[in-house]
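Peer 1: From first to last, the protein sequence lines are chains A and B.
By the numbering used here, the letter at position 190 of the first sequence is numbered 186, and the numbering carries on one by one without gaps.
Numbering-wise, the numbering used here comes out as the position in the second sequence, counting from 1, plus 935.
Yeah, the Cβ is synthetic: ideal placement off N, Cα and C, and Gly gets one too.
Because the structure is a prediction, the values reported are computed rather than measured.
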Amino acid sequence: MKLKSTLENYVFVLPAAIIFIIFYVIPFIWVFQLGLFDWDGILPTKTFVGLGNFKEILFEDRIWWQSMLNAGWITVIALTLQNALAFLLAWACNREIKLKNFYRLIFFIPPVLSEVVVGLVWQWILDGNYGLLNGWLVQMGLPHLVRNWLSDPNTALTTVAIVHSWKGFGWGFLIFLAGLQTIPQELYEAARVDGANAWVCFRKITIPLMIPVAVLVSMLTVLGTMQAFVLIIAMTGGGPAYHTQVPVLRILASMRGSSRFGYACAQGISFGVILVAISFIQYRFSRRSRQV
Amino acid sequence: MKTPLYYKTKKVTVNLIIHLLLIAVAVTCIFPLVWMVSSSLKTQETIFKDMSLMPKEFHFENYYLAWKEGGFGRYFINSIVYTVSVVVGIVIISSLAAYAFSRYRFPGRNILFVMFMAAMMIPIPGSFVPLYVLLNKLHLRNTAVGYILCMINVGLSTSIFLLKTFFDKLPRELEDAARIDGCSKFGIWWYVALPLAKPVLAVVVVFNALNVWNEYILALVIFDSKPLMPLQVALMTFQGEFITRYPLLMAGLTITALPIIIVYFLMQKYIVKGVTQGAIVG
């Protein structure tokens, strides 16, 4: 009777466990194995190269590090511009009672759309010859500002970063807004009674209470932005000349472009380690900020 | 001495600035979509010259052409099939597992649950590489089944987490009553637990549906043959083949975006809930 009951319990978790082991655990182990080999993905034989792939990533693959810097730049813009906008809007919306739900509805439209849709629509708007943006600039008498936004090496990366921020700020906005709503109104009322003005309330109540939320939002932003790449495929495909390459795009290129499966896995591991390190540092940082 | 009028004007000005900011951002959020729809209604000749938001004539035949000639009808159905299969799979599999994790004791329970949660935290960039190799070995690459199973796995951990958190807080009285009445374990799960979990199941359904509908990279790696492709991959392929056929591309984009926007407007409540809950997880 007891045995039957235990077996029944296993039936509950069995489908999830089987799928998880086949499609998560096994590929996870394989990444670490394949990273040590040179393999084209087709031949039954793999050549063992030890840490050779990692050595190549570290010392020879300049495009890889360039792609890392590019992702870093996009992340910097997302952390500053996108999150500042998200916080500002959440703060403004939190004051606004009547239309709060309307704005919340609108601001989260970009995040629910797919990166392919967003990328292709913006590519059309930013098109150098026929794009709406350049058309407007000419109409407004600013033809000297006209650019090939996505194929000019000087503007491509930042343009991509701004579109990424446009697509992503809704996440931070929702989380900040939820955070602001948990601050008890009594705190503000008490401060008012004590003679504090709006600015002092903002600085002494809102900001300190929102720091944990801000740390959380920035953790999510960093992890999300460093790994973003589909939007870039849709907008520039990584060009012009590697100027908008990001790490995951390099992994895809190693796999599909040069058929180096082992190298692609090694790149994946290197990048994964960096991401885990970043989130660990941020986690420590957030623990400290909570103690204050 | 500052008069009441001073405070009133100041308040009105601040409110005005705040409103202008909010409206400006709201317009920026919607405008690209309006431009997408507007472009989809122009012709191949007018689209490169006509900068107006309102086309002089509405060429709805672009949608017909995209649906038939562009093949988006086919891709649309593919996307529907993948989305529905994955969501149904995730709801059943994750709710079974989450219920057992929450209610039953069995050897290996904790280690298994910890593994699911670790999978949620650890990023594997480029996981499409080993998945490609795996599906090749299983002879499931370039098949709908292979893609659906991969996508079920993608949504599994988070769904189990959300459902288990819900079941943990759920009082057990109803389930106990059902058990005393002679209901089997599976009967309790199906007739008692699942109906009670409707609010959280809605979150699970909406998030996974959006995720599958919008998924690009696994579909790109897994499918070679066009008739199996979902919309996202088909859009990129179409754009690569017919670089200048913008009206049809924009019609295809609208066809892809519209279901998402409708679902979002209808299920908005659950999306907000999911984001704020999910954020606490991370």
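Taking only beta-carbon positions, decide if B:Val960 is within less than 8 Å of chain A.
Peer 2: Position 25 of the second sequence, counted from the start, is the residue given in the question as residue 960 of chain B. Chain A contact via Cβ: present.
Peer 1: In chain A, what lies closer than 8 Å to B:Thr1191 by C-beta?
Peer 2: Along the second sequence, read from residue 1 onward, the residue named residue 1191 of chain B stands at position 256. Under the 8 Å cutoff, chain A gives Ser110, Val112, Val113.
Peer 1: Given that B:Lys943 touches chain A, what residues does it touch there, using C-beta distances under 9 Å?
Peer 2: Along the second sequence, read from residue 1 onward, the residue named residue 943 of chain B stands at position 8. Within chain A, no residue comes near B:Lys943; the closest Cβ sits about 15 Å away, beyond 9 Å.
Peer 1: Taking Cβ positions, are B:Ser1062 and B:Pro1165 nearer each other than 8 Å?
Peer 2: Taking the first residue of the second sequence as 1, we reach residue 1062 of chain B at position 127. Taking the first residue of the second sequence as 1, we reach residue 1165 of chain B at position 230. For B:Ser1062 and B:Pro1165, no; Cβs fall outside 8 Å.
Peer 1: Taking the alpha-carbon positions, what's the A:Phe103 to A:Glu111 distance?
Peer 2: Residue mapping note: residue 103 of chain A aligns to position 107 of the first sequence, counting from 1. Residue mapping note: residue 111 of chain A aligns to position 115 of the first sequence, counting from 1. Cα to Cα, A:Phe103 sits roughly 16 Å from A:Glu111.
Peer 1: Could you check if A:Ser254 is buried or exposed, using at least 16 other CB atoms within 10 Å of its CB as the buried criterion?
Peer 2: Position 258 of the first sequence, counted from the first residue, corresponds to residue 254 of chain A. That one is exposed.
Peer 1: Quick one: which chain A residues come within Cβ less than 9 Å of B:Trp1125?
Peer 2: The sequence position of residue 1125 of chain B within the second sequence is 190, counting from 1. Within 9 Å Cβ-Cβ: nothing; B:Trp1125 doesn't reach chain A, min ~12 Å.
Peer 1: What residues from chain B crowd round A:Gly268, counting only those whose CB sits closer than 7 Å?
Peer 2: Position 272 of the first sequence, counted from the first residue, corresponds to residue 268 of chain A. Going along chain B in sequence order, the residues near A:Gly268 (Cβ under 7 Å) are Pro1058, Ile1059, Pro1060.
Peer 1: For the stretch 248 to 264 of chain A, enumerate the residues whose C-beta is nearer than 9 Å to any C-beta of chain D, in chain order.
Peer 2: Checking the listed chains, one finds no chain D in this structure; the protein chains it contains are A and B.
Peer 1: What are the residues that DSSP puts in a beta bridge with A:Phe33?
Peer 2: Taking the first residue of the first sequence as 1, we reach residue 33 of chain A at position 37. A:Phe44, per the DSSP bridge assignment.
Peer 1: Could you tell me which chain A residues have their CB closer than 7 Å to the CB of B:Trp1002, listed as they occur along the chain?
Peer 2: Working through the second sequence from its first residue, we reach residue 1002 of chain B at position 67. Neighbours of B:Trp1002 on chain A: none; closest Cβ ~17 Å, over 7 Å.
Peer 1: In chain order, which beta strand (DSSP E) runs of at least 3 residues are fully inside the stretch 158 to 224 of chain A?
Peer 2: As far as the stretch 158 to 224 of chain A is concerned, it has no whole beta strand (DSSP E) run of at least 3 residues.
Peer 1: Residues of chain B with CB closer than 7 Å to the CB of A:Thr2, please, in chain order.
Peer 2: Position 6 of the first sequence holds residue 2 of chain A. Here the neighbours are Phe1041.
Peer 1: Less than 8 Å between the beta carbons of B:Leu1084 and B:Arg1076, yes or no?
Peer 2: Along the second sequence, one-based indexing puts residue 1084 of chain B at 149. Along the second sequence, one-based indexing puts residue 1076 of chain B at 141. No. Outside cutoff.
Peer 1: Just confirm the distance between the C-beta atoms of A:Trp310 and A:Thr155, as a whole number of angstroms; I'd bet it's less than 8 Å.
Peer 2: For residue 310 of chain A there is no data in the structure shown, the boundaries of chain A being -3 and 288.
Peer 1: Can you tell me which of B:Ser975, B:Thr1191, B:Tyr1067, B:Val1049 puts its alpha carbon nearest to the alpha carbon of B:Ser1145?
Peer 2: Residue mapping note: residue 1145 of chain B aligns to position 210 of the second sequence, counting from 1. Looking at the sequence shown, residue 1145 of chain B is not Ser but Leu. Cα-wise, what sits closest to B:Leu1145 is B:Thr1191.
Peer 1: Using the three-state DSSP reduction, which class does A:Ile38 fall into: helix, strand or coil?
Peer 2: Residue numbering aside, residue 38 of chain A sits at position 42 when the first sequence is read from its first letter. A:Ile38: coil per DSSP, three-state reduction.
Peer 1: Can you confirm whether B:Lys977, when its beta carbon is compared against all beta carbons of chain A, has any partner nearer than 8 Å?
Peer 2: Start at 1 with the first residue of the second sequence, and residue 977 of chain B comes out as number 42. Not closer than 8 Å to any Cβ of chain A, the Cβ of B:Lys977 fails to qualify, so no.
Peer 1: Quick one: list the residues of chain B neighbouring A:Leu30, beta-carbon separation under 9 Å, in chain order.
Peer 2: By one-based count along the first sequence, residue 30 of chain A stands at place 34. Residues of chain B passing the Cβ test: Val1064, Pro1065, Val1068.
Peer 1: Expressed to the nearest angstrom, what Euclidean distance is found between the alpha-carbon atoms of B:Tyr1181 and B:Phe1007?
Peer 2: Here residue 1181 of chain B refers to the residue found at position 246 of the second sequence. Here residue 1007 of chain B refers to the residue found at position 72 of the second sequence. If I take the Cα positions, the gap works out to 14 Å.
Peer 1: Give a yes or no on whether the C-beta atoms belonging to B:Ile1095 and B:Ala1154 are separated by under 8 Å.
Peer 2: One-based indexing of the second sequence puts residue 1095 of chain B at position 160. One-based indexing of the second sequence puts residue 1154 of chain B at position 219. In this structure, B:Ala1154 does not lie closer than 8 Å to B:Ile1095 by Cβ.
Peer 1: Anything in the stretch 49 to 71 of chain A with a Cβ closer than 7 Å to a Cβ of chain B? List those residues in chain order, please.
Peer 2: Against chain B - using a Cβ distance shorter than 7 Å - the stretch 49 to 71 of chain A contributes no residues.
Peer 1: Assign B:Asp1159 to buried or exposed, taking buried as 16 or more other Cβ atoms, counted over all protein chains shown, within 10 Å of its Cβ.
Peer 2: Working through the second sequence from its first residue, we reach residue 1159 of chain B at position 224. When all chains shown are included, B:Asp1159 counts as exposed.
Peer 1: On the three-state DSSP scale, how would you describe A:Pro11?
Peer 2: Taking the first residue of the first sequence as position 1, residue 11 of chain A is located at position 15. In the structure shown, A:Pro11 sits in a helix (DSSP, three-state: H, G or I).
Peer 1: Looking only at its own chain, which residues have a Cβ that is under 6 Å from the Cβ of A:Val114, when we skip the five neighbours before and after it?
Peer 2: For the purposes of this step, residue 114 of chain A is taken as the residue at position 118 of the first sequence. Correct list, in chain order: Lys163.
Peer 1: Starting from A:Phe83, find everything on chain B with Cβ-Cβ shorter than 9 Å and list it in chain order.
Peer 2: Here residue 83 of chain A is taken as the residue at index 87 of the first sequence, counted from 1. Within chain B, no residue comes near A:Phe83; the closest Cβ sits about 12 Å away, beyond 9 Å.
Peer 1: Excluding the 5 residues flanking A:Ala86 on each side, which residues of the same chain have their C-beta closer than 7 Å to its C-beta?
Peer 2: In the first sequence, counting from the first residue as 1, residue 86 of chain A sits at position 90. These residues qualify, in order along the chain: Phe169, Phe172, Leu173, Leu176.
Peer 1: Applying the 10 Å Cβ sphere with the 16-neighbour rule, what's the burial state of B:Glu1110?
Peer 2: The residue you call residue 1110 of chain B lines up with position 175 of the second sequence. By the 10 Å Cβ count, B:Glu1110 comes out buried.
Peer 1: Determine the chain B residues that contact A:Leu271 at a beta-carbon separation under 8 Å, and present them in chain order.
Peer 2: Within the first sequence, numbered from 1, the residue matching residue 271 of chain A stands at position 275. Residues of chain B passing the Cβ test: Pro1058, Pro1060.
Peer 1: For B:Ile1025, count the other beta carbons within 10 Å of its own beta carbon; 16 or more makes it buried, fewer makes it exposed. Which is it?
Peer 2: Residue numbering aside, residue 1025 of chain B sits at position 90 when the second sequence is read from its first letter. Under this definition B:Ile1025 is a buried residue.
Peer 1: Once DSSP output is grouped into helix, strand and coil, what is the label at B:Ser974?
Peer 2: Along the second sequence, read from residue 1 onward, the residue named residue 974 of chain B stands at position 39. Reduced to three states, the DSSP call for B:Ser974 is helix.
Peer 1: Taking CB distances under 8 Å as the criterion, tell me whether A:Arg100 reaches chain B.
Peer 2: Translated into the one-based positions of the first sequence, residue 100 of chain A becomes position 104. So, interface residue.
Peer 1: Let me make sure I understand the geometry here. Which of B:Ser975, B:Leu1098, B:Pro1130 has the alpha-carbon closest to that of B:Tyr999?
Peer 2: As a first step, residue 999 of chain B is located in the second sequence; it is residue number 64 there, counting from the start. Nearest option by C-alpha distance: B:Ser975.
Peer 1: When the Cα atoms are used, what is the spatial distance from B:Glu1150 to A:Ala186?
Peer 2: To locate residue 1150 of chain B, count along the second sequence from 1; it is residue 215. To locate residue 186 of chain A, count along the first sequence from 1; it is residue 190. Cα to Cα, the separation comes out at about 49 Å.
Peer 1: Along chain B, in chain order, which residues have C-beta atoms closer than 7 Å to that of A:Ile121?
Peer 2: For the purposes of this step, residue 121 of chain A is identified with residue 125 of the first sequence, where counting begins at 1. Those are Pro967, Trp970, listed as they occur along chain B.
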